[in-house]
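Engineer: Quick note: the sequence shown uses this note's numbering, first residue 712, plus one each step. Where a beta carbon is used, it is the ideal one built from N, C-alpha and C, also for glycine. Got a structure for you, questions after.
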Amino acid sequence: LREGKNAGACLNPLIGEVKGDDVNAEIRMQTYEKLITDRSLGDGDSDTTLWGPRGESVPDRVILLGLDIKMFYGGPKEAVMHGIYRQNMGYTHLVIGRKHADAPYANGESIWGDFDAQEIFSKLGGDLKIKTINVGFAAYYESVGRVDLMERHKDEKPWSISGKDIRATLQKGELVDGRIMRPSTSKILGEAMKVG
Numbered sequence: 712l713r714e715g716k717n718a719g720a721c722l723n724p725l726i727g728e729v730k731g732d733d734v735n736a737e738i739r740m741q742t743y744e745k746l747i748t749d750r751s752l753g754d755g756d757s758d759t760t761l762w763g764p765r766g767e768s769v770p771d772r773v774i775l776l777g778l779d780i781k782m783f784y785g786g787p788k789e790a791v792m793h794g795i796y797r798q799n800m801g802y803t804h805l806v807i808g809r810k811h812a813d814a815p816y817a818n819g820e821s822i823w824g825d826f827d828a829q830e831i832f833s834k835l836g837g838d839l840k841i842k843t844i845n846v847g848f849a850a851y852y853e854s855v856g857r858v859d860l861m862e863r864h865k866d867e868k869p870w871s872i873s874g875k876d877i878r879a880t881l882q883k884g885e886l887v888d889g890r891i892m893r894p895s896t897s898k899i900l901g902e903a904m905k906v907g
């Protein structure tokens, strides 16, 4: 948009088979749909100098389109496969998070490093032209009143919660602290994941 192009974002989650303890595609899609219909995407971190003059906000430029392939949990090589799929679909950029397409060994030990899936793209040559948007660790920061990337707050103490604690809270059917997860997302996941 800054370059005058008609740009937007496509949330393109994998909606195929996942391992047994992962949230299934139908539930994940419900959380995304709710964020879009509630116009919650971009809350707190939209650049008003970009959006204000246009009379638009982030949700005006977002579509949700599931990609019907299974998750292989293949780490960096699977991240490249995701890049190829998205490039072939016409996307110009792909968000690569920490531990992208990751799964640990049975004993919980990591197979790959946190950012191996990001690093593999910098070593590729050839015809893969899609650009990555690399995302690291995130936590809640009082200074901005929301979750943000930890690399932007090197001198601040974050408030965070482990993924295991989030899962345990949801399995009790309880809402996760609103500093970490939007209530609409927490409600959908809590209803789906509640045990007993």
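(1) Does the distance from the C-beta atom of H793 to that of K842 stay below 8 Å?
(2) Measuring CA to CA, which of S873, K730 and V734 is closest to E902?
(3) Name the residue from I807, V887 and R713 whose alpha carbon lies nearest to the alpha carbon of W762.
(4) Where do the ends of the alpha helix (DSSP H) carrying L900 lie?
(5) Hey, how far is the Cα of G889 from the Cα of I795?
(6) If I measure Cβ to Cβ from Y852 and keep anything under 7 Å in the same chain, skipping five residues before and after, which residues do I get?
(7) In chain order, what residues of the same chain lie with their CB nearer than 6 Å to the CB of G727, ignoring the 5 residues before and after it?
(8) Starting from the N-terminal side, write out each stretch of the alpha helix (DSSP H) that is 4 residues or longer and does not extend beyond the region 821 to 892.
(9) Taking Cβ positions, are N845 and I899 nearer each other than 8 Å?
(10) Is there a Cβ of chain B sitting closer than 8 Å to that of D754, yes or no?
(11) Check the DSSP bridge columns for L712 and list the partner residues they point to.
(12) Which residue or residues does DSSP assign as beta-bridge partners of H804?
(13) So, are the CB atoms of P764 and R750 less than 8 Å apart?
(14) Can you name the start and end residues of the alpha helix (DSSP H) that I738 belongs to?
(15) Is A814 closer than 8 Å to Y784 when the C-beta atoms are compared?
(16) With the cut-off set at 8 Å, would you say G847 and E862 are in Cβ contact?
(17) Comparing C-alpha positions only, which one of R772, I738, G753 and S873 sits nearest to P724?
Structural biologist: Quick look at the numbers:
(1) By one-based count along the sequence shown, residue 793 stands at place 82. By one-based count along the sequence shown, residue 842 stands at place 131. Here H793 is not near K842, since their CB atoms are 8 Å or more apart.
(2) Stepping through the sequence shown from its first residue, residue 902 is reached at position 191. Nearest of S873, K730 and V734 to E902, Cα basis: V734.
(3) Within the sequence shown, the letter at position 51 stands for residue 762. Ranking the options by Cα distance to W762, first place goes to R713.
(4) Along the sequence shown, one-based indexing puts residue 900 at 189. Note, L900: alpha helix (DSSP H), P894 to M904.
(5) What you label residue 889 is simply residue 178 of the sequence shown in a count that begins at 1. What you label residue 795 is simply residue 84 of the sequence shown in a count that begins at 1. Cα to Cα, the separation comes out at about 35 Å.
(6) Within the sequence shown, residue 852 is the residue found at index 141, counting from 1. Closer than 7 Å at Cβ, skipping near neighbours: D859, H864, E867 and P869.
(7) The residue you call residue 727 lines up with position 16 of the sequence shown. Closer than 6 Å at the Cβ level, and outside the excluded window around G727, lie D779, I780 and K781.
(8) 827 to 833 and 874 to 882
(9) Translated into the one-based positions of the sequence shown, residue 845 becomes position 134. Translated into the one-based positions of the sequence shown, residue 899 becomes position 188. Taking 8 Å as the Cβ cut-off, N845 and I899 do not qualify as a contacting pair.
(10) Looking at the structure shown, chain B is missing, and only one protein chain is on hand.
(11) In the sequence shown, the residue the question calls residue 712 occupies position 1. L712 pairs with nothing; no bridge assigned.
(12) Along the sequence shown, one-based indexing puts residue 804 at 93. Looking at the DSSP assignment, H804 forms a beta bridge with K842.
(13) To locate residue 764, count along the sequence shown from 1; it is residue 53. To locate residue 750, count along the sequence shown from 1; it is residue 39. Not closer than 8 Å, so no.
(14) Residue mapping note: residue 738 aligns to position 27 of the sequence shown, counting from 1. Its alpha helix (DSSP H) spans residues A736 to T748.
(15) Taking the sequence shown and counting its residues from 1, one reaches residue 784 at position 73. Taking the sequence shown and counting its residues from 1, one reaches residue 814 at position 103. When the beta-carbon positions are compared, Y784 and A814 come within less than 8 Å of each other.
(16) Translated into the one-based positions of the sequence shown, residue 847 becomes position 136. Translated into the one-based positions of the sequence shown, residue 862 becomes position 151. Yes, these two residues count as a Cβ contact at 8 Å.
(17) Residue 724 sits at position 13 when you count from the first residue of the sequence shown. Residue I738 is the option with its Cα nearest to P724.
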